[in-house]
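Below is one structure; the comments refer to it alone.
In the working numbering, the protein residues as written are 13 to 244.
Below you can see the structure in the form of structure tokens.
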């Protein structure tokens, strides 16, 4: 059975980027640059999801979870038979996370996706409601197997909120189904500024092909919605 045919969550990447394709400035600051419309769009995608997943660096920089806060989001989730908040999942090989950040005080369900070594510090810690250790042959988290586990645990729709290196790993394993990109009216510049898909890059013949589903303009921002053709 191929990786693409395994039972796994439907994964939608949701990101805002500058007009030159950067998701943060060269210092990788946590400065917000999307509009209120972009924030509302992001919250809508979070409300649709069973789980929200980020790489550890995104949490280290942002320190909080993107959660449902609007009456419309709560109403949708109640009508859909979902709990008030989606599960917030942090993926980290090392398990090294700062405990004294707002994320651990927010009223949300928290899961940790890590390796056996990364899980050791958290099994007796109340910071996470569930700890999943999924070891890959290379010492990293086996994301394909991890997504299977998430599906089996009832998370059938994921919103992926960053960062670029984590998203690159998902693309390498054919684990992304859709992308929402908000193009914001700024130029960040800098060859080391992060992009939506970082990492070492995909090789020739491995480039995922996209189908453009929607284009919406709100003020000076453009919302682009793609489906990944190679994904199922």
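Backbone N, C-alpha and C define an ideal beta-carbon position, used for all residues, glycine too. What you are looking at is a predicted structure, and each value in this text was computed from that prediction instead of being measured.
Nearest Cα to residue 95 within the set 106, 108, 219, 63: 63.
Exclusion of the five residues before and after residue 121 leaves 97, 99, 100, 141 as the residues of its chain whose Cβ lies within less than 7 Å of its Cβ.
The alpha-carbon separation between residue 117 and residue 133 amounts to approximately 18 Å. Contact between residue 21 and residue 163 holds, since their C-beta atoms are separated by about 5 Å, short of 8 Å. By alpha-carbon distance to residue 186, the top candidate from 165, 154, 197, 226 is 154.
Assigned with DSSP and collapsed to three states, residue 145 falls in strand. The Cβ-Cβ distance between residue 102 and residue 173 does not fall below 8 Å. Around residue 202, the same chain offers 38 as residues with beta carbons nearer than 6 Å, after the five sequence neighbours per side are excluded. With a threshold of 16 other beta carbon atoms within 10 Å, residue 171 meets it and is buried. Under the three-state reduction of DSSP, residue 171 is assigned to strand.
When DSSP assignments are scanned along the region 156-206, the uninterrupted stretches of beta strand (DSSP E) that are 3 or more residues long and fall wholly within it turn out to be 169-172, 190-196.
Counting only residues of its own chain and dropping the five nearest sequence neighbours on each side, residue 128 has a CB closer than 8 Å to the CB of 145, 147.
Collapsing the DSSP output to three states places residue 135 in coil.
It is roughly 11 Å from the alpha-carbon of residue 200 to the alpha-carbon of residue 45. The criterion of a C-beta distance shorter than 8 Å is satisfied by residue 207 and residue 176. With respect to residue 54, residue 26 sits close: the two C-beta atoms are nearer than 8 Å. Counted as a single uninterrupted DSSP element, the beta strand (DSSP E) harbouring residue 126 occupies residues 122-126. Across the structure, residue 224 and residue 237 are spaced so that their CA atoms are roughly 6 Å apart.
Restricting attention to 138, 228, 159, the CA atom closest to the CA of residue 50 is found in 228. Apart from the 5 residues on each side of it in sequence, residue 111 sits with its Cβ closer than 7 Å to the Cβ of 139 in its chain, given in chain order. For residue 228, the uninterrupted beta strand (DSSP E) segment begins and ends at 222-230. In the displayed model, residue 209 falls within coil according to three-state DSSP, outside both helix and strand.
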